[in-house]
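Quick note on this note's numbering: the sequence shown kicks off at -18 and runs consecutively. Glycine included, every Cβ here is placed at the ideal spot set by N, Cα and C. Structure record follows, encoded as structure tokens.
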Amino acid sequence: MSKQDTESVRAVFQTYEDDAELEHDREGGIMNHDELVNSGQTYREIRWFDRETVDAFDLTVLDEDHPLWCDEVEALERGDSLRVDELREGEDA
-18 MSKQDTESVR AVFQTYEDDA ELEHDREGGI MNHDELVNSG QTYREIRWFD
32 RETVDAFDLT VLDEDHPLWC DEVEALERGD SLRVDELREG EDA
């Protein structure tokens, strides 16, 4: 196993609001994802992921050169998360 296989990185992903009305198919996939996005029932969040997960789901890695990088992202601890819309209120992050 290489170092990259076990490396953890900060990444952005899209998740669903707690009250989102998810419709699942038999395999557990979300059938109404686009509808939920269009109705504002999703948001982007930053958290730590294993590099393998980031690569598998094509997530955006946040590093010092990324436009969202700031003190809050740098201080983010494993197990915690940041909502992008709260991080950059008023900006189209």
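Short Cβ contact (7 angstroms threshold) for residue i with residue j
i           : j                : result
alanine -8  : valine 42        : yes
leucine 106 : phenylalanine -6 : The structure shown does not extend to residue 106, since the chain is modelled only from -18 through 74, so no value can be given for it.
6 angstroms CB neighbourhood of residue i in its chain, flanking five on each side removed
i                : result
phenylalanine 30 : Ala(-8)
CA-to-CA distance, residue j to residue i, given in whole angstroms
i            : j             : result
aspartate 46 : arginine 7    : 41 angstroms
valine -10   : valine 35     : 8 angstroms
aspartate -1 : isoleucine 11 : 14 angstroms
arginine 28  : glutamate 58  : 8 angstroms
aspartate 44 : cysteine 51   : 10 angstroms
alanine 1    : glutamate 55  : 30 angstroms
Own chain partners of residue i with C-beta closer than 7 angstroms, once the 5 adjacent residues on each side are dropped
i            : result
glutamate 53 : Leu63, Leu68
DSSP-derived helix/strand/coil call for residue i
i            : result
alanine -8   : strand
glutamate 58 : coil
arginine 64  : strand
alanine 1    : coil
Residue i Cβ short of 6 angstroms to the ligand SAH heavy atom set
i           : result
glutamate 4 : The ligand SAH is absent from the structure shown, which contains no ligands of any kind.
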